[in-house]
Amino acid sequence: MAKTQSFKYAACLTCSILVNLLSINLFLHRGGWEKSWTRNAVEEAEAVASISCSGHGRAFLDGVILHGKPVCECNQCYGGTDCSQLSPNCVVDADSGDPTFLEPYWVKHAASSSIMVAGWHRMSYEFNDGSLISEELNSHIRKVHAAVGNANTEGKYIIFGAGATQLLHAATHALSFNIDGTSSPSKVVASTPYYPVYKEQTEFFKSEDYKFSGDTSVWNDTDIDSSATSFIEFVTSPNNPDGQLKKAILQGPSVKTVHDLAYYWPHYTPIPAPADEDVMIFTLSKLTGHAGSRFGWALIKDEAVYKRMLTYMDLSTYGVSRETQLRVLKLFKVALEGNGREMYDFGYNTMRNRWNRFSKSLSKSKRFSIQQLNPQLCSFSQQVKAPTPAFVWLKCEREEDSDCFEVLKSFNITGRAGNLFGAESRYVRLSFVKTEDDFELLLERIKKLVSKESESEVEGSSSPILGESKENRKSNESMEVLDPSYYINGLKHLIEEVGLHLVDEQKVPLYSIIEKLIGFT
1 MAKTQSFKYA ACLTCSILVN LLSINLFLHR GGWEKSWTRN AVEEAEAVAS
51 ISCSGHGRAF LDGVILHGKP VCECNQCYGG TDCSQLSPNC VVDADSGDPT
101 FLEPYWVKHA ASSSIMVAGW HRMSYEFNDG SLISEELNSH IRKVHAAVGN
151 ANTEGKYIIF GAGATQLLHA ATHALSFNID GTSSPSKVVA STPYYPVYKE
201 QTEFFKSEDY KFSGDTSVWN DTDIDSSATS FIEFVTSPNN PDGQLKKAIL
251 QGPSVKTVHD LAYYWPHYTP IPAPADEDVM IFTLSKLTGH AGSRFGWALI
301 KDEAVYKRML TYMDLSTYGV SRETQLRVLK LFKVALEGNG REMYDFGYNT
351 MRNRWNRFSK SLSKSKRFSI QQLNPQLCSF SQQVKAPTPA FVWLKCEREE
401 DSDCFEVLKS FNITGRAGNL FGAESRYVRL SFVKTEDDFE LLLERIKKLV
451 SKESESEVEG SSSPILGESK ENRKSNESME VLDPSYYING LKHLIEEVGL
501 HLVDEQKVPL YSIIEKLIGF T
């Protein structure tokens, strides 16, 4: 009897446990804790992320499918099914400003930067308040600027656009607005060398309200005061292509200014102070590297200009996609994590390394030169830092190298010709913001160019100078060695270099001083 009773209790307990487990299972999979709808998406994303492309490419969810899985999309000059095959004589593309140098940072932060978008996510044209912009994203944009200290957002309206390109034209449209329709078209100007899109976009739309009128320096105060037309000046700071921090040149009541601050971030330049202009334009691509998301924003002071830009955006695209806004919000949250410095430190260190290595490779060249930029105190890092711009503004110094683009092209390097920026054809812009593979290939090709230059100089210097006797050469060599001023000037220069190194070791690296010391001794 006791055994029977014990068996009944055990059976009841077992049934109770099974019922509870079944209830919990039903609640998890049919109630508030159900997560099964995300599982397939997660597994699919992680499966694609795990595809090996030999470190020289990447597979994507929306890539071409072969044998049931996406194929590797290889970096330039690499091929094969796993991107392991290098084409040594390929053309090195240094033209594009595609900012993929930040990809390793986001791979490292894959978990915190990922988003899962439901099939029913924000299907409406508008948000609940009738607007086209996420208020949470609006708030985070202001937080990012406050954390970096590169722009004052207080009292400014914010407009979202499909990258900076759309916003640039929206600003041109808004600032050329002619109430009575009697004025002549606004003159759109920019200082040489200028970003080519200003000219290309203005000419493409062929508006009756504005036209591109070339270099800002052509127009002086007298022209502005005596002209019945208005001016729209584009100010790019740091400048694309040469990385210089720029200010507006034209002044007066008939002048409107658009400040293109796409590169005004700590990756590329010291931040001396927050920008506080009437029209300021930024882009996600140069901040986080996500150029494909096509997102930019403008900070506008004047309400009338804001409303005209808003009308332009409404009639052209009716806002930026909700998926893009969601992704940007997630990226900004990552950028603000911790002390809000990690992404900027990664970007700056990557660019500094590239600039140091490239500068060293050209240090002995007389055929090529690059822009010189002065170190400044950066309010973000609280350090004196040398600029590390997105582009090298390379100049061919030889008289016969009048077309620098063609000179580089003959060595299988493609840059962007200087005349596209309104400058001489002796200049070429080379991109530093692409993948590590792209940079390594460019650096290798430049080293070969400089090496050939050195070989030519050695061959030329091996012959005696015409008309100079052996005795005179020996006498001159001996005087050079014995001349005390040689040593005094050399020591002075070395002391100056050491001083500059102590102020900013990135601008004057230690290896540079050691090389000069060896050469001096």
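Heads up: the sequence shown at position 315 corresponds to 315 in the UniProt record's numbering, and the numbers run straight through without jumps. Virtual Cβ for every residue (Gly too), placed ideally from N, Cα, C.
Thinking just about the alpha-carbon of each residue, which of the options is nearest to the one in residue i?
i	options	result
Asp345	Pro185, Tyr268, Ile224	Tyr268
Ile446	Ile249, Glu436, Glu399, Leu430	Leu430
Pro272	Phe358, Phe295, Gln244	Gln244
Thr202	Asp401, Thr216, Phe212, Ser52	Phe212
Leu284	Pro387, Gly63, Phe160, Ser84	Phe160
Asn374	Pro238, Tyr78, Val189	Pro238
Ser369	Val450, Asn419, Phe411	Val450
Gly63	Glu44, Arg122, Pro389, Gln76	Glu44
Cys53	Gln85, Ile65, Ala41, Phe405	Gln85
Arg294	Ala304, Asp302, Arg327	Arg327
Asn138	Cys90, Gln371, Glu303, Ala298	Ala298
Gly130	Met351, Lys385, Gly319	Gly319
Glu453	Glu406, Phe432, Arg398	Arg398
Ser183	Gly340, His169, Ser114, Thr229	Thr229
Ile115	Thr324, Ser359, Tyr125, Ser379	Thr324
Ala151	Ser456, Met351, Pro266, Thr311	Pro266
Gly214	Glu208, Val117, Gly80, Lys199	Lys199
His67	Gln383, Thr81, Val117, Tyr125	Thr81
Leu261	Phe234, Cys74, Glu303, Val71	Phe234
Could you spell out where the alpha helix (DSSP H) holding residue i opens and where it closes?
i	result
Met343	342-362
Lys108	103-108
Lys286	284-288
Lys409	404-409
Val384	Run containing Val384: none in the alpha helix (DSSP H); it sits in the beta strand (DSSP E), 383-385.
Lys199	196-205
Indicate the three-state DSSP secondary structure (helix, strand or coil) for residue i in the structure shown.
i	result
Ile141	helix
Cys396	strand
Met309	helix
Tyr318	coil
Val91	coil
Lys256	strand
Ser50	coil
Gln85	strand
Thr229	coil
Lys452	helix
Lys69	strand
Glu471	With a pLDDT of 41 at Glu471, under the threshold of 50, the modelled position of this residue cannot be trusted, and the question is left open.
Phe177	coil
Phe391	strand
Asn339	coil
Val328	helix
Ile465	Because the pLDDT at Ile465 is just 37, under 50, the model does not fix this residue reliably, and the point stays unresolved.
Ser96	coil
Leu373	coil
Leu167	helix
Leu250	coil
Leu245	coil
What residues in its chain sit with their C-beta under 6 angstroms from that of residue i, if we drop five residues either side in the sequence?
i	result
Asp403	Ser425
Val332	In the sequence on display, residue 332 carries Phe and not Val. The answer, listed in chain order, is His140, Val144.
Ser112	Val334
Val255	Phe231
Which residue marks the beginning of the beta strand (DSSP E) containing residue i, and which one marks its end?
i	result
Tyr427	427-431
Phe212	210-215
Cys378	376-378
According to DSSP, residue i sits in a beta bridge with which residue or residues?
i	result
Gly161	Gly296
Tyr268	In DSSP, Tyr268 forms no bridge with anything.
Val279	Ile300
Cys74	Gly57
Ser186	Tyr210
Gly80	Gly80 pairs with nothing; no bridge assigned.
Ala417	Val428
Thr236	Asp260
Phe368	Cys396
Ala151	Ala275
Please return the same chain residues whose Cβ sits closer than 8 angstroms to the Cβ of residue i, not counting the five positions on each side in sequence.
i	result
Thr165	Val197, Gln201, Gly296
Leu336	His140, Lys143, Val144, Ala147
Glu436	Phe101, Pro104
Ser410	none
Ala162	Arg294, Phe295, Gly296, Thr317, Val320
Leu362	Phe368, Ser369, Ile370, Ile446, Val450
Asn75	His56, Gly57, Cys83, Thr435, Asp437, Asp438
For residue i, which residues in the same chain have their Cβ closer than 7 angstroms to its Cβ, ignoring the five residues on either side in sequence?
i	result
His290	Leu284, Leu331
Arg357	Leu443
Leu329	Ser134, Glu136, Leu137, His140
Would residue i count as contacting chain D if we go by Cβ distances under 7 angstroms?
i	result
Leu336	The structure shown contains no chain D, having only a single protein chain.
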